[in-house]
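Position in the sequence shown (from 1) plus 25 gives the number in our numbering.
Ideal Cβ placement from N, Cα and C applies to all residues, glycine included.
Just below is one structure, and these are the notes that go with it.
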Amino acid sequence: MKNSFTKNCAGLLAMFVFLLSMATIAPAFTQQPITLDEAVQMALENSPRLKSAETSIEAIHAGRGASWELGATEVDYSWGQLNSPIRNDRQLTVVQPFGSIITPFYKNALIERQVATVQHFRDIVEKEITAEVTRAWVYYLYTRSLVEMYAELNTFAEQLLRAGELRYSAGDITLLEKSMTATQAATMRSKAFQAGEEHRIAATRLQWACFSDTPVAPPSEAALTLLTVEIDDGSLGEAYSAYFNSLTDEMQAEYNVERSRLFPELSAGYLRQNILPDDKGLNAWTVGVSVPLFFAPQRSRIRQAQMNIEIARHDAQTNIRDLNIILETLKADLRRYAETVEFYRSSALPEAEALITAAKLQLEHHDTDVSQFIQSMNNALEIKQAYVEALYLYNVAALEYRLYQ
């Protein structure tokens with residue numbers, strides 16, 4: 026039984042050595058220091074979504090020429106007994122339909138509404154890109170804070186491991202207590218390793234958010250701090266309300282285009298005729314008006330366009346209401362996280378530091394047992410980790426609030 030327990034202790038020590046070697050491996054790449062403003066600017070310059078939105082605006086502008094679309098030109102050539110049974114006459118007719126006079130104006134108005142909608146959408150995309158970069162930036166600082174915190178506590182883990190071996194050799198602690206020191210040290214190393222891997226993921230995420238070909242990172246002096254945000258008079262941003270309302274205006278413009286098709290359409294023509302044998306080169310001009318006699322299909326399309334206006338209006342009201350609810354929820358989250366951060370700064374963090382200091386002194390002077398030291402270190406670790414997580418959660422809520430402002 027004793028040999029089995031000793032083998033388990035040896036296994037824990039081997040795992041500890043392995044995790045120690047993995048945690049001390051240096052990154053295999055060099056990260057370019059970059060500020061948050063530079064990261065946002067890089068993402069805005071390289072984002073495919075933003076480029077696609079800008080190209081969509083140009084594509085809609087390019088459709089202006091199609092608003093004055095004319096019908097196909099009709100050319101007829103006739104010969105034979107056009108005017109009498111004994112003559113072989115010839116006649117050339119050219120007719121150009123112009124369509125409705127007012128429809129092109131309504132089509133131009135529709136293009137203007139489409140351009141406005143895409144411009145508002147572009148503004149939303151820009152805000153989303155900024156929020157995504159900021160989120161990746163904050164996440165990077167959050168994981169770096171965890172790595173630094175665990176690196177500091179790993180020093181205590183090494184001291185704990187050495188102290189446990191020395192005290193066990195001196196007969197001051199039992200084999201169980203020595204095993205507890207090895208387990209605690211291995212646990213701290215495991216957490217440090219996991220934090221390091223999460224930090225690598227954060228670095229990849231930041232590089233992806235910036236659309237950078239090379240790894241980027243915040244400067245070494247950058248720290249995880251609270252983002253500045255004003256929540257007193259916060260309301261839904263103009264980009265979102267304008268975008269949803271513009272969709273409704275766009276449906277209204279399409280409705281006007283369909284209504285304009287009920288108006289008469291104009292056409293003009295030219296006729297040249299030869300009446301043989303004597304009358305040649307006879308010219309004539311024609312002006313025509315075409316009126317639809319069966320209105321049911323067009324009225325059906327008009328009714329559908331009218332229903333689309335109602336649908337777009339209801340969707341806009343629903344989306345704006347949902348975003349306002351999200352803003353109110355984020356306000357509550359910001360107040361809650363701010364209170365949590367203030368609590369840790371004013372009370373919990375100083376207590377954690379005092380707890381670590383006292384535990385170190387007692388361990389150095391052999392004034393505490395191993396279980397008490399481990400409990401003290403775990404309590405201090407939980408407080409420090411909870412403080413960093415509260416900072417991170419506040420910043421995530423703050424950048425989401427900025428996004429919808």
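- Between S77 and E183, the alpha-carbon positions lie close to 54 Å from each other.
- For D62, the secondary structure class from DSSP, reduced to helix, strand or coil, is helix.
- With respect to the C-alpha of A242, the residue from A422, Q430, M67 having the closest C-alpha is M67.
- R230 is the residue among T206, R230, T212 whose C-alpha sits nearest the C-alpha of A161.
- About 22 Å separates the beta carbon of P129 from that of S81, a gap too long to meet the 8 Å contact definition.
- Ranked by how close their Cα comes to the Cα of T253, the residues Q56, L416, E63 have L416 in first place.
- For F368, the enclosing alpha helix (DSSP H) covers residues 321–368.
- In the DSSP annotation of this structure, the continuous segment of the alpha helix (DSSP H) that includes A227 starts and ends at 200–235.
- A buried status is given to F269, since no fewer than 16 other beta-carbon atoms sit within 10 Å of its beta-carbon.
- CA-CA distance, Y167 to P73, rounds to 28 Å.
- Residue pairing for L291: DSSP places it in a beta bridge opposite G124, V314.
- Note on geometry: alpha-carbon atoms of Q298 and R89 lie some 39 Å from one another.
- Taking one beta carbon from each stretch, the stretch 351–364 and the stretch 372–386 have fewer than 3 pairs nearer than 8 Å; the two do not touch.
- With respect to T273, A293 sits apart: the two C-beta atoms are not nearer than 8 Å.
- Scanning A373, E378, Y426, E283 for the CA closest to the CA of Y412 turns up A373.
- In the structure shown, A309 adopts extended strand secondary structure according to DSSP, grouped into three states.
- Of the residues Q139, N403, R284, T239, the one whose Cα lies closest to the Cα of R328 is R284.
- With contacts defined by Cβ atoms closer than 8 Å, L186 and Y429 do not form a contacting pair.
- No Cβ-Cβ contact shorter than 8 Å links S325 with P289.
- Taking C-beta atoms under 8 Å as the contact rule, L380 and N404 qualify, at a distance of about 6 Å.
- With a threshold of 16 other beta carbon atoms within 10 Å, G96 falls short and is exposed.
- Ranked by Cα distance from L61, the options C235, N333, R147 are led by C235.
- Judged by their CB atoms, L406 and L171 are not nearer to each other than the 8 Å cut-off.
- For I300, the closest alpha carbon among the candidates A248, Q116, P122 is that of Q116.
- In this chain, D238 is not harboured by any alpha helix (DSSP H), its DSSP state being neither H nor E.
- Between the alpha carbons of Q209 and A248 lies a distance of about 28 Å.
- Out of E279, V65, V282, the CA that lies nearest to the CA of I154 is found in V65.
- In this structure, F123 lies near L291, with their beta-carbon atoms less than 8 Å apart.
- Put simply, the backbone Cα of Y164 is about 29 Å away from that of N344.
- Around the beta carbon of A309, fewer than 16 other beta carbons lie within 10 angstroms, which makes this residue exposed.
- DSSP, read as helix, strand or coil, puts T118 in strand.
- Between L348 and Y426, the gap from beta carbon to beta carbon reaches 8 Å or more.
- Contact check for Y295 and I334: beta-carbon distance about 42 Å, past the 8 Å limit, so the pair fails to qualify.
- In terms of Cα proximity to Q277, the closest of P322, W104, S401, Q331 is Q331.
- In the DSSP secondary-structure assignment, W162 is not bridged to any residue.
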